[in-house]
Every structure is written in structure tokens, then in C-alpha cells.
Amino acid sequence: MSDDLARVAVLLSGRGSNFVALADACARGEVPAEIVLVLSNKADAGGLDRARERGIPTVAIPSKGMPREEHESRLVAALDEVEAHWVCLAGYMRLLTPVFIDRYAPRIVNIHPALLPSFPGVDAQAQAWEYGVRVSGCTVHLVDTGCDTGPIVLQRTVPVLDDDTSDTLAHRILEQEHVAYPTALRMLLTRRWRVHGRRVVFDPLIDVDRPWPASAN
Ligand code: GRF
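The sequence shown runs 36 to 252 under this note's numbering.
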């Protein structure tokens, strides 16, 4: 553990390939963060296995049958216990309420497999393919209580090819997600930024070692 590394928790519900991309980028020193916990609302999420293989602590807090706010209180308690400062959603298939958002915002980040604000919600790649767009991609954004509505940090585009299926498109988008998420997290951790309206504004001119002004995040 190092004081120089941001303490990041990852929330996921599934296979966890974006978690792996983040963890590998951290291990290579490309993102100045330590993933201190992987949390899932699904006890059988493959991403928990990927975390265990890497020696990263895991916790499963099943959401099924539990009131939403009680579930989120438990998530917050687990994150507080490991002193997580940032939260990365990586295929976490639930909306978050103010119980969670108010505790961690604006340091909650999500990745979505489409160019928001087009195609929010589930099956975004299939939505885009069925609509017939010629370009899709992925979006890393800050998280609010809406469905994929928070301010955008970074987007990467992917052309839709004539012979694409929804699956081949999803595969190429996923490759770009694995670049976009570590890149965006690195930007958020190493540069000064603020949310101005809907925009995440990065300030290249201010020394990151100086204390943050009270008005900044
Ligand atoms: C990704 O497509 C991500 O954009 C979306 O959920 C999927 C998670 O995939 N939010 P993985 O579990 O990271 O492989």
C-alpha cells in the first residue's frame, strides 16, 4: 500500500473484463491507484474470481430481496471499511440512489458501451446496431442518480462495419472500453478538474501539487 496511490473500489455484477483492464493498468503503474476492494451484488460474478486470482479483496452483498437503500448502506459500510476514496462501476447492473451517490460523488465513475447520450441503459451495443448508426463507441462518465446521465469524462469511437453483428460490434467496443477506462481514471487522478454544468473540465495549467481551491471537487 502506498500513500501516493488512490484507493479505488470496483463494483461489478458480471464477468469483470473492465475491472481486469483497470487492475492491469494499475499493476503496470499506468494508473496511480490501488484497487482495494471488488464488490458485487452477485455472489457468482466472474469478476470476483478475477479479483481473487489477483489477490484483491472481494465482498459479495447480494441485492436480491433487500430494500435498495439497505443494500446501498451495506455497500457504503464495506467501502468505508477499506477507506475507498474512488468508486469505479464496471458492469454494475443497478442504479444507485443518493444513499450511495451522496457519500462518494463526484468520485464515482462508470463505463457505458455506447456514445452517450445515445443508447443509455442495457444492451446498448445492440440498441446502436439495431438503430443502424455508423459510429458507436464507449463513454466513461461520472455517476449521478440517473441512468447513464452523469457528466462525460472520455469517449472512444468505433466504426460500425457493414458485416457487423451486434456481437462483433460489442466485441470491438469492449476492446476500446479497456483502453478508455484506465485512461479516464488516470486523467481524473492526475489532472485537476471540475464539473462545470454538464462538462468535466480538465485544467492543464494548474499545478496538481497545489492544494485544491474550496470551489473545486
Ligand atoms: C461493459 O460493456 C460495460 O461498458 C458495461 O457493462 C459491461 C461490463 O463488462 N457497463 P465487463 O464485466 O467489464 O466485462
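Note that the Cβ used here is the ideal one computed from N, Cα and C, for glycine as well.
Asked	Found
Quick one: any contact between the stretch 106-113 and the stretch 154-173, if contact means 3 or more CB pairs under 8 Å?	no
Cβ-heavy atom distance between Glu-212 and the ligand GRF below 7 Å?	yes
So, with DSSP's three-state summary, where would you put Asp-238?	strand
List the residues that DSSP assigns as beta-bridge partners of His-147.	Thr-174
So which of Trp-164, Arg-87, Val-66 has the shortest CA-CA distance to Asp-197?	Trp-164
Anyone know if the C-beta pair for Glu-65 and Arg-227 falls short of 8 Å?	no
So Asn-76 packs on Gly-126, CB below 8 Å; how close in whole Å?	Not confirmed; about 11 Å, so no contact.
Please work out which residues of its chain come closer than 7 Å, Cβ to Cβ, to Gln-211, disregarding the five sequence neighbours upstream and downstream, and give them in chain order.	Gly-172, Cys-173, Arg-191, Val-193
For the putative contact between Asn-145 and Leu-130, defined by C-beta atoms under 8 Å, what is the C-beta separation to the nearest angstrom?	Incorrect: roughly 11 Å between the Cβ atoms, too far for contact.
Considering just the uninterrupted stretch of the beta strand (DSSP E) at Ala-44, what are its terminal residues?	41-47
Thinking just about the alpha-carbon of each residue, which of Gly-185, Arg-207, Ser-201 is nearest to the one in His-231?	Gly-185
The alpha helix (DSSP H) spanning Cys-61 covers which residue range?	52-62
If I'm right that Val-73 touches Gly-82 with Cβ under 8 Å, what's the distance once you round it to whole angstroms?	6 Å
So what's Val-134 in DSSP terms, helix, strand or just coil?	helix
Just to check my reading of the structure: Thr-67 and Leu-224 have Cβ atoms closer than 8 Å, yes? What is that Cβ distance to the nearest angstrom?	According to the sequence shown, residue 67 is Pro rather than Thr. Their Cβ separation, rounded to whole angstroms, is 5 Å, which keeps Pro-67 and Leu-224 in contact under 8 Å.
Indicate whether Glu-118 and Arg-42 have their beta-carbon atoms separated by less than 8 Å.	yes
Quick check: Val-157 and Tyr-216, are their CB atoms within less than 8 Å of each other?	no
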